[in-house]
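Enquirer: Quick one: the structure is below, questions incoming.
In this note's numbering, the protein residues as written are 28 to 309.
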């Protein structure tokens, strides 16, 4: 009953709060305020915030991150997680929205146990009145982490999912770690939901090539006939962290080595208008 009441409160939260687009960067324990954590398997181990360090920086993460484990490093015993991390309620605009998040895993050995799995679900008041309803909802993303990855070689990979089917609705996003046993952990970070701008800049964006993405040192921007005036980068906290003037060139190369690893929103301003493109810095 407690689980039902907690999830019901989450889904009905719009009655008393203002839903908003999501910005989940997990920079501290307080960052989980508004999120719901469920330990369905009952082992007292659930999703939590892990502190940043040189190792996680090498994975391509910036700052702290959320993780869930299938191995207890204190006891050396395997865990069988069925753990949920559920976002606050958010409102998807009529224009639709896009979900971006970084994900990855550490370790895998088929002889030691079972591969960790990550599933993502969209919860609405119609499809999830109880946390036990969630496995019956079709996933919008599912991955089996069955590739051996030592801790020192883990890589954060960007996933981009279209939420246009939920335009005009209030939803929550559920991340589920399940099925694994005796591996190590899966992690997520930079869970960002942004409003789609279809019809306002899509036609302009299609006239440009942007590569590579993800990028390590430079981002190339090229168009056959549109002159570029300025390129700026905004981080997930809304701060403009880099701006570069371009002298009406149709091809530009922007050096991003000074940016920390993570997701950025690159605004390209041209003589025919502007558009925004998500760019990942590794």
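Ideal Cβ positions, reconstructed from N, Cα and C, are used throughout, including at glycine. Small disclaimer: the values here were computed from a predicted structure and weren't measured.
Could you check which residue in 54, 62, 58 has the C-alpha nearest to that of residue 202?
Expert: 62
Enquirer: Provide the residue span of the beta strand (DSSP E) that contains residue 96, from first to last.
Expert: 92-96
Enquirer: DSSP three-state call for residue 299: helix, strand or coil?
Expert: coil
Enquirer: Would you mind working out which of 292, 127, 274, 173 sits nearest residue 139, comparing C-alpha positions?
Expert: 173
Enquirer: Count the other CB atoms, across all protein chains shown, that sit within 10 Å of the CB of residue 274; report buried if there are 16 or more and exposed otherwise.
Expert: exposed
Enquirer: Any idea what DSSP makes of residue 81, helix, strand or coil?
Expert: Reduced to three states, the DSSP call for residue 81 is helix.
Enquirer: Using three-state DSSP, classify residue 217 as helix, strand or coil.
Expert: Of the three classes helix, strand and coil, the one that applies to residue 217 here is strand, per DSSP.
Enquirer: Just grab the DSSP bridge partners of residue 233 for me.
Expert: Its beta-bridge partners do not exist; DSSP assigns none.
Enquirer: With H, G and I counted as helix, E and B as strand and the rest as coil, what does DSSP make of residue 279?
Expert: Assignment of residue 279 by DSSP, reduced to helix, strand and coil, places it in the strand class.
Enquirer: Considering just the uninterrupted stretch of the beta strand (DSSP E) at residue 262, what are its terminal residues?
Expert: 255-262
Enquirer: For residue 183, which residues from the same chain have a beta carbon less than 6 angstroms from its beta carbon, with the 5 sequence-adjacent residues on both sides left out?
Expert: 86, 87, 88, 129, 131
Enquirer: Looking at the secondary structure, which residues open and close the beta strand (DSSP E) in which residue 197 lies?
Expert: 197-205
Enquirer: In its own chain, which residues sit with a C-beta less than 6 angstroms from the C-beta of residue 109, not counting the 5 before and 5 after it?
Expert: So the qualifying residues of the chain are 67, 68, 205.
Enquirer: For the putative contact between residue 294 and residue 231, defined by C-beta atoms under 8 angstroms, what is the C-beta separation to the nearest angstrom?
Expert: About 12 angstroms separates the two Cβ atoms, so there is no contact after all.
Enquirer: Grab the span of the beta strand (DSSP E) containing residue 288 for me, first residue to last.
Expert: Per DSSP, residue 288 belongs to no beta strand (DSSP E) and is neither H nor E.
Enquirer: Taking the CB atoms as reference points, tell me whether residue 125 and residue 166 lie closer together than 8 angstroms.
Expert: No.
Enquirer: Could you give the residue range of the beta strand (DSSP E) that holds residue 184?
Expert: 184-189
Enquirer: Apply the 10 Å Cβ neighbour rule to residue 215 and answer buried if 16 or more other Cβ atoms are within range, or exposed otherwise.
Expert: buried
Enquirer: Using C-beta distances below 6 angstroms, list every residue in its chain close to residue 181, excluding the 5 sequence neighbours before and after it, in chain order.
Expert: 86, 131, 133
Enquirer: If you pair each beta-carbon of the region 238-251 with each one of the region 268-288, do three or more pairs fall below 8 angstroms?
Expert: yes
Enquirer: Leaving aside the five residues before and after residue 260 along the sequence, list all residues of the same chain whose C-beta is less than 6 angstroms from its C-beta, in chain order.
Expert: 268, 269, 291, 293
Enquirer: Residue range of the beta strand (DSSP E) that residue 249 falls in?
Expert: 245-249
Enquirer: In the structure shown, what three-state DSSP assignment does residue 135 receive?
Expert: coil
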